[in-house]
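To convert, note that position 265 of the sequence shown is 265 in this note's numbering; the numbers rise steadily by one, no gaps.
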Amino acid sequence: MTKAIRIHATGGPEVLAWEEVPVGDPGPGQVRIEQSAVGLNYIDVYQRTGLYPLVSMPQTLGMEAAGVVEAVGDGVQTLMPGDRVAYAMNLGAYSQKRLIDAAALVKLPAEIDNRTAAAMMLQGMTARYLLKESYRVRAGDAVLVMAAAGGVGSILSQWARHLGASVIGCVGSEEKAALARDNGCSYTINYREEDIAVRVREITDGEGVAVSYDSIGKSTLEASLDSLRPTGTLVSFGNASGAITGFNIGLLAQKGSLYIQRPTLATYIRTRQLLETSAMDLFDAVGSGQVKIRIGQSYPLSEVAQAHRDLEGRKTTGSTILTL
Ligand code: NDP
1 MTKAIRIHAT
11 GGPEVLAWEE
21 VPVGDPGPGQ
31 VRIEQSAVGL
41 NYIDVYQRTG
51 LYPLVSMPQT
61 LGMEAAGVVE
71 AVGDGVQTLM
81 PGDRVAYAMN
91 LGAYSQKRLI
101 DAAALVKLPA
111 EIDNRTAAAM
121 MLQGMTARYL
131 LKESYRVRAG
141 DAVLVMAAAG
151 GVGSILSQWA
161 RHLGASVIGC
171 VGSEEKAALA
181 RDNGCSYTIN
191 YREEDIAVRV
201 REITDGEGVA
211 VSYDSIGKST
221 LEASLDSLRP
231 TGTLVSFGNA
241 SGAITGFNIG
251 LLAQKGSLYI
261 QRPTLATYIR
271 TRQLLETSAM
281 DLFDAVGSGQ
291 VKIRIGQSYP
301 LSEVAQAHRD
311 LEGRKTTGST
321 ILTL
């Protein structure tokens, strides 16, 4: 048996229940891990509320964690008990122990501790594909980053700066603006007070940005489109303010022959090789100091409901981990 956070129905943070659940022994190709830190991600909120439907109930939430291999099943050649490992995009992370396919795990290098791994795997591999695959950032590009003091936003801003971009970060408070500047943003916009597109035109001498990385969704869609240069790209990768529905594709022509993508990390780590390439690139970026992982806050896993309230309430900064 192990302790885990499960939901029996979708709803508010109160549906998150700390329960005793069975774990069992690993089957063929699986391992059992004892987790030491779990990553909190906005997708956990979407799954809790039902915006992203879950296949079955009750369900242990959580998509990312780091820990130590405790037992391996038949046919597992690449891992053994005692190995430090981490994973992302694998439902069932809000647990002390869990079973997982060995193919979903990456071994952690010595310089990445378990807390850092739990804070960075999902958000860091996301930042990587956004910058290197969704739109390939080039030195000199002006780039717009929403929630630039948040989990993904902090990593994205630092990495974009390292790639030579001029980063404009949107944030919800003056404290977050200071963090965004620390993350390498040359300019910040407080989008609770300022008009994003107007400020972007001022900052870029009327040209607009090459790409807007927009995780806010509904409330910033129009501002993102209005901030792009001709043939610019909107990468709409999240919906913290609500999902975009009923989009009029003709707007892309009217606003300058624009591109739009709605990606998910799952696509970019869908094979073992893609996962390894992505994780190694992230380990290099963090190990070399190009990107620092900022753990803004941590909560005991048993108190994850408060972490959800704070994340939805825009009170968190950087990455958040849940400890065991
Ligand atoms: P964050 O740490 O960025 O937290 C969300 C932030 O969004 C808040 O702190 C807040 O910052 C901002 N925000 C603006 N409007 C709202 C609103 N109405 N309600 C809540 N927050 C709001 O979270 P994550 O780093 O975990 O995730 C960021 C986004 O990236 C999410 O939308 C998530 O779904 C998406 N994502 C997408 C992935 C993909 O592959 N498609 C993978 C990983 C994450 P502020 O106060 O500064 O506005």
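For glycine and all other residues, C-beta sits at the position ideal for the given N, C-alpha and C.
Keep in mind the model is a prediction, meaning the values are calculated, not measured.
DSSP state of residue i mapped onto helix, strand, coil
{"i": "THR116", "result": "helix"}
{"i": "GLN290", "result": "coil"}
{"i": "THR330", "result": "In the structure displayed, the chain extends from 1 to 324; residue 330 sits before or after that span and is not available."}
{"i": "GLY169", "result": "strand"}
{"i": "ARG128", "result": "helix"}
{"i": "GLY39", "result": "strand"}
{"i": "ARG138", "result": "coil"}
{"i": "LEU324", "result": "coil"}
{"i": "LEU99", "result": "strand"}
{"i": "SER212", "result": "strand"}
{"i": "LEU91", "result": "coil"}
{"i": "VAL198", "result": "helix"}
{"i": "GLU14", "result": "helix"}
{"i": "ARG161", "result": "helix"}
{"i": "ARG48", "result": "helix"}
{"i": "ARG84", "result": "strand"}
{"i": "THR220", "result": "helix"}
{"i": "GLU276", "result": "helix"}
{"i": "GLU34", "result": "strand"}
{"i": "ALA307", "result": "helix"}
{"i": "LEU179", "result": "helix"}
{"i": "VAL23", "result": "coil"}
{"i": "SER56", "result": "coil"}
{"i": "LEU338", "result": "Because the chain here runs from 1 to 324, residue 338 falls outside it and cannot be looked at."}
{"i": "LEU122", "result": "helix"}
{"i": "GLY296", "result": "strand"}
{"i": "ALA4", "result": "strand"}
Proximity below 8 Å, CB of residue i to CB of residue j
{"i": "SER212", "j": "LEU234", "result": "yes"}
{"i": "ARG115", "j": "ILE295", "result": "yes"}
{"i": "ALA147", "j": "ALA240", "result": "yes"}
{"i": "ILE293", "j": "MET120", "result": "yes"}
{"i": "LEU265", "j": "TYR129", "result": "yes"}
{"i": "GLY238", "j": "GLY208", "result": "no"}
{"i": "ALA37", "j": "ILE269", "result": "no"}
{"i": "GLY39", "j": "GLU64", "result": "yes"}
{"i": "SER319", "j": "GLN59", "result": "no"}
{"i": "ILE168", "j": "VAL137", "result": "no"}
{"i": "ILE33", "j": "VAL72", "result": "no"}
{"i": "ALA104", "j": "TYR87", "result": "yes"}
{"i": "GLY327", "j": "ALA139", "result": "Within the shown structure, residues of the chain are numbered from 1 to 324, placing residue 327 beyond reach of any answer."}
{"i": "ASP226", "j": "THR220", "result": "no"}
{"i": "PHE283", "j": "ILE100", "result": "no"}
{"i": "GLN35", "j": "LYS107", "result": "no"}
{"i": "LEU228", "j": "GLY250", "result": "no"}
{"i": "ALA117", "j": "ALA66", "result": "yes"}
{"i": "SER278", "j": "MET125", "result": "yes"}
{"i": "LEU28", "j": "HIS308", "result": "Inspection of the sequence shows that residue 28 is occupied by Pro rather than by Leu. No, they are not a contact pair."}
{"i": "TYR299", "j": "GLN306", "result": "yes"}
{"i": "GLY236", "j": "ILE203", "result": "The residue you asked about is not Gly; residue 236 is Ser in the sequence shown. Going by C-beta atoms, SER236 is not nearer than 8 Å to ILE203."}
{"i": "GLN297", "j": "THR316", "result": "yes"}
{"i": "SER134", "j": "PRO26", "result": "no"}
Heavy atom of the ligand NAP within 7 Å of residue i beta-carbon
{"i": "VAL211", "result": "This structure does not include the ligand NAP; its bound ligands are the ligand NDP."}
Whole-angstrom C-beta distance between residue j and residue i, which should lie under 8 Å
{"i": "SER154", "j": "ASN183", "result": "5 Å"}
{"i": "ALA210", "j": "ALA142", "result": "6 Å"}
{"i": "ALA17", "j": "TYR94", "result": "Actually they are not in contact, since the Cβ atoms of ALA17 and TYR94 sit about 10 Å apart, beyond 8 Å."}
{"i": "ALA102", "j": "LEU131", "result": "Incorrect: roughly 29 Å between the Cβ atoms, too far for contact."}
{"i": "ARG314", "j": "GLY172", "result": "5 Å"}
{"i": "VAL15", "j": "GLU312", "result": "Wrong, their Cβ atoms sit about 13 Å apart, outside the cutoff."}
Extract the residue ranges of the beta strand (DSSP E) inside the region 222-265, only unbroken runs of 3 or more that lie entirely within it.
228-236 and 259-261
For the ligand NDP, enumerate in chain order all residues having a CB closer than 5 Å to any of its heavy atoms.
ASN41, TYR42, THR126, ALA147, GLY150, GLY151, VAL152, VAL171, GLY172, LYS176, SER215, ILE216, PHE237, GLY238, ALA240, SER241, THR264, LEU265 and ARG314
What residue ranges within the region 58-84 form continuous beta strand (DSSP E) runs of no fewer than 3 residues, ordered along the chain?
64-72
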